[in-house]
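Here the protein sequences line up with chains A and B, keeping their order. Note that my numbering has the first sequence beginning at 666, numbered continuously upward. Note that my numbering has the second sequence beginning at 16, numbered continuously upward. To start, the structure under review is shown below, and the notes come after it.
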Amino acid sequence: MTAIYQALVDIVDADHVSDRPEELYIYSFDLGTAEPHRPDYVVAPRTTEQVREIVRLANREKVPVVPLGGGLSLAGLAVPLRGGILVDLKRMDSIIEVNEKGRYALLECGVSQGQLTSYLATHHPGLTHSEPGAPPTATIAGNVLIHGQGDLAQPYGFNSDQVNGLEVVLPTGDVCRFGSCAIGASWFTNHPLPDVGLFFGWCGTTGIVTRLSIRLYPARRIRGIGQFVVEDEELVPEIIGKITRTQMAEDVIAYSRAIPPFGLGLQHFTVNIAADTEKELEFKQEIIWDDTLGEYISRGQGGYLGFTRGLDHPQVSKSSDYKKGGGFEYVGSIMPIERYPECYRRGREISERHDIPYTVTGRIVGVGHSMMFAWTYAFNRADPGSMREAREALHETDDLVIELGGVIWKPGTYGQQLIIERLDPGTRALMRRIKEVLDPEGIMNPGNWEGV
Amino acid sequence: MYALQFDETKCLHCEGQDCLAKCQYIHIERNGTEREMVRIARGEDSFVLHECVTCYACEEYCPMGNHPFYLIVERQEALRISPVPRPLVTRAVNLGIPFRGEPAVKEINGPLLNMAAFSELTHLIQGRLFEGLPVISTDGRKMFHYFCQLMYLHYARSSVIKERLPGIIATIERHKPTEVICFHDECYGTYASYCPAVGIDVPFTPVHFYEYLYDRLTELKDLIRPVGFKVAYQRPCSSRLSPDKHRFVGKIFRLIGAKEVTREFVDENALCCGGTIQGQSREGSRRRAAQIQKKNVEDMKKAGAEVCVFNCPACLQTLGGMVAREGIRPVHMSDLCRFAIGETPAGWEVAR
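Here it is as structure tokens:
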């Protein structure tokens, strides 16, 4: 038994620390194509204080620390590239407060999307949060920290735009709070104190978020999904512009995929509409389908596929069924909406070149301000050749994102290097200085944002 | 190539002109119907081709058995007058293409039940009513090998039906059926009405689902306990292709003690569920479908219906939630029959 292992047991307890190979193996990979790397230890803390002690230990011992939420990023962001201590945060899963009037929830970092959805439905049915298309075990904190987007992205933007405050254990072991909570007030706003946006998009290299407050929104009595379809991908940007102009949708997604074959080459839209009354619902439907999209229907260019009550979160994970062996990974990007046609065409070409049925999806973020466009590639986990094809397709897609003027979303190490090479020198220097100040020993999730 | 057997002279000698005169969706004076049908028969444009909502009802209204609806669809296709936008046509045409391998074919040498494109609804064929009856197309991955294709009448694509249907029939035939009980009455309409109309051979005897249900209920008569529900029936478009079988609705209701409410939109005057109309190209189609649906459900409600009985799964999907929100229980006919013989279909625990 090593000294580090014993120290971790002293901080947490023996039941929540492991260095057993079979358990380290589980934490050595994620569900994507990233090469596996084993941690040396896995620890599952329950409190912020325990996280702080773990980080201090890592500083003393100069071993890497890798924070893990739901483990669903797919891009290898929580794979311990340099070994060290993997901190599994799923036990920190308390919903500390839901404030009905202030419409926010204070959560520990291990609270999952499904947990909050279920809790709100049971205890606060008038409130909801912007839930991403990830499986329900994805954590709220993990999604926020990668600038995730959910089913309220159209009116309210990125989930990282909806944060009221954070509690963070810095790489040195210091604990900081940001937002109104920093002066002892409730966790109701992130404004107007000086902006120290040091944690979003940093892939766990600047600290471990242990608590966060997120905004909640009115859950309308009726929520459902309408669908629309066109053949011509060139029409997609203008249709998105028109739908978002109505400001009557909660979520707008455009997608195309090869499987099932009836959708091959077609561009589908899902438009989430919510209302409190039948009258309001019909009014919104008239505005969107009849008044706004009616011209495409009467010209024969667009088809209305109906409205279904209830929400079905889009899950690209269904594409893991395309190949035997059940694997999939995607490249996400934040992209100008006018790039949709090229994103579709070029993505389809990449897929077809690698013999993978194509799946592309664009979720609108803000009132047409951008979209999260994703290209998904299925592979067979048991076939190294299939994984190689997928990995190559992913890298080609990272290159494509840059070429099309987008920004790679939650980039893996390959994508991070593409970004670093193009970073404004001043920005790059600032990022390097921030990293040196916050993490002088270089222990936080090393291998990510390396070389800034 | 298969060709529709349509006799223009029958229209010229028809006194009633019911095909268009009775249409609930196109306004046309009785004295104008002959002119429009002759135009259509001669391959000329007619406003009817643009305004048809593809409800199939004129097939039933025609007293001459002359297939006016099949003709309308053929002419729509020939003149490229699509009732629905192009992307919906593409999507629908692609939908029927099998893509997950060939079905495993077992020879039955007797009657069988064909689930066709509703493999996922086998929960509707459970219990004693279906005991011992072999079933084909129960694998959702292979169901399009059994898909009757008649849906393409809504899309002005008779050519797709004619191209694919012989292959579908051949697949069913490989099971060596003597009789094919059709779960969906669109399949029954395909084999009993459309195929003879266009000259496609059907080497088996199609049996309507309701006729089968009625016969089985009769065999199990001792088990029947009158259900006593006040019921409304949502008649599907495809029922217009087999109006002679529509009488089994009333016969089943009487046999199981369901009380059919008196309503305006019933039998020949039944309203479309709106599922097809809402996606059509004509301006205001979605709104129009919503109004038809509202009128339909209000009629059920006004008549005092407690239960709305469905035949077609698509109608159930389109209207089921709507009737439920009005306090009327949406039910498939087979579940109602199971309930009548003392079985408890899924979700019926409360009713019992």
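Idealized CB from N, CA, C, for every residue including glycine.
Contact annotation: in the stretch 96-126 of chain B, residues whose CB is within less than 7 angstroms of a CB in chain A are S97, V99, P100, R101, P102, L103, T105, R106, N109, L110, I112 and F114.
Cβ contact annotation for R156 of chain B (same chain, cutoff 6 angstroms, sequence separation greater than five): R115, in chain order. With a threshold of 8 angstroms between beta carbons, D675 of chain A makes no contact with chain B. Around the CB of T1092 of chain A, fewer than 16 other CB atoms lie within 10 Å, so the residue is classed as exposed.
Taken in chain order, the whole beta strand (DSSP E) runs of length 3 or more contained in the stretch 262-347 of chain B are 322-325 and 344-347. For S296 of chain B, a Cβ of chain A is located within less than 8 angstroms of the residue's own Cβ. Under the three-state reduction of DSSP, Y690 of chain A is assigned to helix.
The alpha-carbon separation between F843 of chain A and G872 of chain A amounts to approximately 13 angstroms. Assigned with DSSP and collapsed to three states, Y203 of chain B falls in helix. Neighbours of E896 of chain A in chain B, taken as residues whose beta carbon is under 8 angstroms from its own, are R101, P102 and T105 in chain order. Under a 10 Å Cβ-count criterion, Q295 of chain B is classified as buried, with 16 or more other Cβ atoms of the shown protein chains found around its own Cβ. At a cut-off of 8 angstroms, the C-beta of R344 of chain B has no neighbouring C-beta in chain A. With fewer than three CB-CB distances shorter than 8 angstroms, the stretch 1095-1109 of chain A does not count as touching the stretch 1028-1044 of chain A. For the options A:E903, A:T870, A:G775 and A:Y769, the alpha carbon positioned closest to that of T854 of chain A is the one of A:Y769. Legend: CB atoms of the stretch 973-984 of chain A lying less than 8 angstroms from CB atoms of chain B belong to residues R974. Interface residue (Cβ-Cβ distance to chain B less than 8 angstroms): Y769 of chain A is not classified as such. For R1028 of chain A, the pairing in a beta bridge is given by DSSP as A:I918 and A:M1037. For Y769 of chain A, there is no enclosing alpha helix (DSSP H); the residue is part of the beta strand (DSSP E) that begins and ends at Y769 to E773.
For V996 of chain A, the enclosing beta strand (DSSP E) starts and ends at G991 to M1000. Closer than 8 angstroms to the CB of Q91 of chain B there is not a single CB belonging to chain A. Residue range P192 to C197 is occupied by the beta strand (DSSP E) that includes C197 of chain B.
The residues L722, in chain order, have a CB closer than 6 angstroms to that of A672 of chain A in the same chain once the five nearest residues on each side in sequence are set aside.
Ranked by Cα distance from G290 of chain B, the options B:H169, B:G319 and B:S257 are led by B:H169.
The continuous alpha helix (DSSP H) containing P820 of chain A extends over residues A818 to Y821. Within the stretch 264-296 of chain B, the residues whose Cβ lies closer than 9 angstroms to some Cβ of chain A are G290, Q293, G294, Q295 and S296, listed in chain order. Under DSSP, H933 of chain A forms a beta bridge with A:V894 and A:Y920. With a threshold of 16 other beta carbon atoms within 10 Å, R1056 of chain A meets it and is buried. Shown here for I924 of chain A: same chain residues with a beta carbon closer than 7 angstroms to its own, the five before and five after excluded, namely Y987 and P1022 in chain order. Using beta-carbon distances, A361 of chain B does not count as an interface residue toward chain A, since no partner is under 8 angstroms.
Under the DSSP assignment, H856 of chain A falls outside any beta strand (DSSP E); it carries neither an H nor an E label. A305 of chain B has a beta carbon lying within less than 8 angstroms of a beta carbon in chain A. As DSSP reads the structure, A1043 of chain A sits in a beta bridge with A:F993. The alpha-carbon separation between M1000 of chain A and R1011 of chain A amounts to approximately 14 angstroms. Straight-line spacing of the CA atoms in K317 of chain B and E92 of chain B works out to 40 angstroms. According to the DSSP assignment, R974 of chain A belongs to the beta strand (DSSP E) that extends over G967 to R974. Listed along chain B are R106, N109 and L110, each with a C-beta nearer than 7 angstroms to that of F927 of chain A.
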